[in-house]
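Student: In terms of this note's numbering, the sequence shown opens at residue 99 and continues consecutively. C-beta atoms are modelled at their ideal positions from N, C-alpha and C, and glycine is treated no differently.
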Amino acid sequence: MTPPHQPPTPQQQTPPAPAQNQAPPQPQQPPRPTAPAIPPANYPVDTPTITAYMPEAIESYPQESAPKQDNGYLSDPSAEYESNAPVSEPKPVGGRRRADVQQDAPSQVGNDQSASHRAARRAQAMASAAASSAIGGSAAPVENKPSGGSGPGDGTKKPRRYRVHHLRDMKNRGEKWAMLTAYDQYTAEIFDQSGIPVLLVGDSAANNVFGYETTLRVTVDELIPLARAVAGAVERALVVADLPFGSYQASPEQAFHTAVRFMKEAGVHAVKLEGGRNMVPMVEKLTQSGIPVMAHIGFTPQSEHSIGGYRVQGRGDQAAGLIDDAVALAEAGAFSVVLEMVPGDVAAEITKRVSIPTIGIGAGRDTDAQVLVWQDMAGLRSGTMPRFVKQYADLRGILTTAATTYAADVASGTFPTDEHTF
């Protein structure tokens, strides 16, 4: 009798024979090495951190092509004064949104506003340095390079951004400078690029922008948008905003809160207020809070009703009181003082007595600086001008001619032509 079939034990099992055309098994590949895990932020890292502002940290970046500078923008981004590296091209005035862009192709418009001024200047300086190295030496200066100064320590070299201490330094060196009012983007750009170190967003906007008879009616909410436009348009100038009538006289705390609004909402660099020794508590409060203050004495337009209208201040017995006002404001921390419609000899004496710059408007030639309303200076405003105004252009005549010519061309059909048609 045949014994029943039993399955073979594991030791007795044999592997099946490979198929006839089956490829032999391949050896197993070793596992690929994986990238090391990134250590947490608090672990020390040996490799340099690479950012958009540090292209030299990238190993492949040609560091030898960028010459080292003693006080240049490449090696010292916080340097206060301009480097000797030339600028390739001046920034076009008011053309950053429309230049070379067809109006029916909005997708071609670049988002220039998202790039900061500092990043743009850094890239420009790097390009200039690379070009200079490529031709084997320092590049020749271009026409728009600021004049004066040959080294980092030269006192006459213009700063990248004017600060209050630069104005004191200019007074100590006997250098006079100009201040102009500005209320919009385009005039601010033009004056900034023309080298005006200080721009004032004055309460004179009441007369020159809003059409009010006096400065008393303009408000904080009306001035802040103008100040924001000016502060956002400049690269070098120090922007000062007037505190309007009724926004600071009540108390140092009121002055503080109004000034903070201008600093935070508009981005200005300093504020200006009118008044003499009675403004010392306000000036002290602001300066101790980190807000630079420009003082204003003499004829103060916000007080025109109490001082009897537009009259020269500081004559005769008033001279000593005006001098005491200037000294008290300087000791309270003001970084400069405007002297409006003050006799020239009194303004000269104040300029000698105080260590801060004096800014004259109708105060003679001996002050450290001068200020004018730009519409007066450029001849845009009509009518009788104050004695202290000098007109450097006839902007009203130029605009009148342009407007009448434009209207005539439209009426006659000579504008637009095929050249102005898509």
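If contacts are defined as beta-carbon pairs under 8 Å, then V338 and V307 qualify, I think. What distance do you get, rounded to the angstrom?
Tutor: No, V338 and V307 are not in contact; Cβ-Cβ is about 17 Å, not under 8 Å.
Student: Alpha carbon to alpha carbon, how far is V469 from R451? Give it in angstroms, no decimals.
Tutor: So the alpha carbons of these two residues sit roughly 20 Å apart.
Student: By Cβ distance below 8 Å, which residues in the same chain neighbour E351 in space, the five residues on each side in sequence not counted?
Tutor: Correct list, in chain order: K383.
Student: Comparing C-alpha positions only, which one of G407, A368, S387 sits nearest to V435?
Tutor: Looking at the Cα atoms, A368 is the closest of the given residues.
Student: Would you say the segment 440 to 447 touches the segment 277 to 295, given that touching needs at least three Cβ pairs under 8 Å?
Tutor: The segment 440 to 447 vs the segment 277 to 295: no contact.
Student: Taking DSSP as the reference, what is the three-state secondary structure of A418?
Tutor: It is helical.
Student: DSSP three-state label for N242, please.
Tutor: With a pLDDT of 38 at N242, under the threshold of 50, the modelled position of this residue cannot be trusted, and the question is left open.
Student: Anyone know if the C-beta pair for A57 and D290 falls short of 7 Å?
Tutor: The shown model of the chain, from 99 to 520, leaves out residue 57, and the question about it has no answer.
Student: Please confirm whether D464 and T449 have their CB atoms less than 7 Å apart.
Tutor: Contact flag set, yes.
Student: Flag this pair as yes or no: are the beta carbons of A432 and V391 separated by less than 7 Å?
Tutor: Their beta carbons are under 7 Å apart, which means A432 touches V391 by this criterion.
Student: Taking just the CA atoms, how far does G272 sit from S302?
Tutor: Their backbone Cα atoms lie some 29 Å apart in a straight line.
Student: For the segment 339 to 388, which segments carrying the beta strand (DSSP E) assignment without a break, of at least 3 residues, lie completely within its bounds, in sequence order?
Tutor: 368 to 370, all fully within the segment 339 to 388.
Student: Rounded to the nearest angstrom, how far is the Cβ of A491 from that of A476, given a contact under 8 Å?
Tutor: Correct: roughly 5 Å between the Cβ atoms.
Student: Q269: buried (16+ other C-beta within 10 angstroms of its C-beta) or exposed?
Tutor: The residue asked about is misnamed: residue 269 is Lys in this sequence, not Gln. The residue in question, K269, is buried, as its Cβ has 16 or more Cβ neighbours within 10 Å.
Student: If we call anything under 7 Å between Cβ atoms a contact, is D423 one with R375?
Tutor: The answer is yes: Cβ separation under 7 Å.
Student: What alpha helix (DSSP H) runs, 4 residues minimum, are completely inside the segment 277 to 308?
Tutor: Counting only runs of 4 or more, we get 283 to 291, 303 to 306.
Student: Could you tell me the alpha carbon to alpha carbon distance between H263 and I496, rounded to whole angstroms?
Tutor: So the two alpha carbons sit approximately 39 Å from each other.
Student: Taking the Cβ atom as the reference point for each residue, do S387 and F354 lie within a distance shorter than 7 Å?
Tutor: Yes, the Cβ-Cβ distance between S387 and F354 is below 7 Å.
Student: Rounded to whole angstroms, what's the CA-CA distance from E429 to V381? Just pull it up for me.
Tutor: E429 and V381: Cα-Cα distance of roughly 10 Å.
Student: Check the C-beta distance from L427 over to G458 and give it rounded, since I have them as a contact under 8 Å.
Tutor: Not quite, the Cβ-Cβ distance comes to about 16 Å (not below 8 Å), so this is no contact.
Student: Excluding five sequence neighbours on each side, which residues of the same chain lie with their C-beta closer than 6 Å to the C-beta of Q283?
Tutor: Closer than 6 Å at the Cβ level, and outside the excluded window around Q283, lie A327, A331.
Student: CA-CA distance, D319 and M377?
Tutor: If you take the alpha carbons of D319 and M377, they lie about 23 Å apart.
Student: Would you say E372 and T356 are within 7 Å of each other, going by their C-beta atoms?
Tutor: No, they are not a contact pair.
Student: Answer yes or no: do D340 and K370 have a C-beta to C-beta separation smaller than 7 Å?
Tutor: Yes, these two residues count as a Cβ contact at 7 Å.
Student: What residues in its chain sit with their C-beta under 8 Å from that of D507, if we drop five residues either side in the sequence?
Tutor: The residues are F513.
Student: Can you tell me whether DSSP reads L437 as helix, strand or coil?
Tutor: Strand, per DSSP.
Student: What is the rounded straight-line gap between the Cα of S453 and the Cα of A505?
Tutor: Roughly 54 Å separates the two Cα atoms.
Student: Buried or exposed: where does F360 fall if 16 or more other Cβ atoms within 10 Å of its Cβ makes it buried?
Tutor: By the 10 Å Cβ count, F360 comes out buried.
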